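Asks: The number in our numbering is simply the position in the sequence shown, starting from 1, with 373 added. C-beta atoms are modelled at their ideal positions from N, C-alpha and C, and glycine is treated no differently. As the structure is a computational prediction, the values presented were derived from the model and not from experiment. One structure, as structure tokens, below. Some questions next.
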Amino acid sequence: MDLLNISKTRYTTKAYDASKKIPQQQFERLLEILRLAPSSINIQPWHYFIADNITAKERIAKALVGKYAYNAPKVLESSHTILFCTQADITEQHLSQLLSQDDASGRFKDDAAKQTQKDARLGYVEYYRNEKGDVQRWAENQTFIALGQMLLAAGVEGLDATPIGGFDENIIIKELGLAEQGLIPSALLTLGFRSENDFNAKLPKSRLNKDAIFTHL
Ligand SMILES: Cc1cc2nc3c(=O)[nH]c(=O)nc-3n(C[C@H](O)[C@H](O)[C@H](O)COP(=O)(O)O)c2cc1C
Numbered sequence: 374m375d376l377l378n379i380s381k382t383r384y385t386t387k388a389y390d391a392s393k394k395i396p397q398q399q400f401e402r403l404l405e406i407l408r409l410a411p412s413s414i415n416i417q418p419w420h421y422f423i424a425d426n427i428t429a430k431e432r433i434a435k436a437l438v439g440k441y442a443y444n445a446p447k448v449l450e451s452s453h454t455i456l457f458c459t460q461a462d463i464t465e466q467h468l469s470q471l472l473s474q475d476d477a478s479g480r481f482k483d484d485a486a487k488q489t490q491k492d493a494r495l496g497y498v499e500y501y502r503n504e505k506g507d508v509q510r511w512a513e514n515q516t517f518i519a520l521g522q523m524l525l526a527a528g529v530e531g532l533d534a535t536p537i538g539g540f541d542e543n544i545i546i547k548e549l550g551l552a553e554q555g556l557i558p559s560a561l562l563t564l565g566f567r568s569e570n571d572f573n574a575k576l577p578k579s580r581l582n583k584d585a586i587f588t589h590l
């Protein structure tokens with residue numbers, strides 16, 4: 374596997390072949406990669422809604438109307454679509470769940486180590502909430518790390534993918550009852566196999582050159 378080559382060849386798929394389905398085992402691998410995504414203080418502030426059938430994809434496509442309608446066929450013709458959500462706030466319950474998981478995973482040699490982790494994590498959350506003043510932005514940044522990881526993972530797995538930020542947030546919030554679950558929608562990711570008619574597959578990649586983005590100190 375050559376990650377540079379994958380970075381060069383993966384691309385945003387604009388049209389899918391609806392007849393092709395990602396094998397279940399391979400999709401499970403992708404979900405495991407998603408579960409293993411890193412996050413600041415291992416906060417894991419995400420939740421994912423997975424649509425692998427037409428009824429579920431149609432529910433998501435309800436949010437792809439008006440100026441976002443161009444994104445609807447990508448969801449409907451994808452093999453799988455994932456809605457990446459972020460917790461609107463970091464609750465005590467979530468912090469307690471994380472600590473229990475760290476414990477169950479065997480990360481603490483004693484109670485003192487557990488307390489240290491608990492205090493450190495809470496300290497960071499309070500810093501982002503009170504001093505930086507935008508805990509939700511910090512949390513959502515983590516979700517986008519997971520999105521980036523999945524774009525590369527799709528490339529490694531020989532799959533095509535589309536990150537989608539263009540959707541009607543209010544519609545998807547209502548359709549999936551996100552507010553009641555303390556979630557905000559962050560991004561969609563469609564996965565599958567490109568259509569032969571995908572114009573974007575034939576276009577060259579365009580990126581700013583090195584001089585524009587790197588400063589060597
Ligand atoms: C957060 C995010 C949101 C995006 N939203 C959309 C979208 O709504 N529709 C779309 O067709 N492409 C979307 N894109 C794809 C970008 O336009 C694309 O990644 C960029 O042009 C670079 O091209 P490449 O992915 O083919 O290398 C999005 C990409 C990202 C990272």
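Looking at Thr385 and ligand 1, is the gap between the Cβ and the nearest heavy atom below 6 Å?
Replies: Yes, the Cβ of Thr385 comes within 6 Å of a heavy atom of ligand 1.
Asks: Using 8 Å as the Cβ pair cut-off and three pairs as the minimum, do the segment 433-440 and the segment 493-508 touch?
Replies: Contact fails: fewer than three Cβ-Cβ distances are below 8 Å.
Asks: Could you tell me the boundaries of the beta strand (DSSP E) in which Tyr421 lies?
Replies: Tyr421 -> beta strand (DSSP E) spans Trp419 to Ala424.
Asks: Tell me which same chain residues have a C-beta within less than 8 Å of the C-beta of Ile544, skipping the five on either side of it?
Replies: For Ile544, where only same-chain residues beyond five positions count, the Cβ hits under 8 Å are Lys435, Ala436 and Val438.
Asks: What alpha helix (DSSP H) runs, 4 residues minimum, are completely inside the segment 385-420?
Replies: Those alpha helix (DSSP H) runs which fall completely within the segment 385-420 and span 4+ residues are 397-408.
Asks: Given a cut-off of 7 Å on the beta-carbon distance, is the pair Asp541 and Gly565 in contact?
Replies: No.
Asks: Please report the residue range of the beta strand (DSSP E) in which Ile463 lies.
Replies: Segment: none, Ile463 is in no beta strand (DSSP E) and carries neither H nor E.
Asks: Given the structure, does Asn444 come close to ligand 1, in the sense that its CB is under 6 Å from one of the ligand's heavy atoms?
Replies: Within the cutoff, so yes.
Asks: With respect to the alpha helix (DSSP H) encompassing Ser380, which residues constitute its N-terminal and C-terminal limits?
Replies: Leu376 to Thr382 is the span of the alpha helix (DSSP H), which, as asked, contains Ser380.
Asks: Between which two residues does the beta strand (DSSP E) holding Ala534 run?
Replies: That run of the beta strand (DSSP E) goes Asp533 to Ile537.
Asks: What do you reckon, are the CB atoms on Ala560 and Phe457 nearer than 7 Å?
Replies: Closer than 7 Å, so yes.
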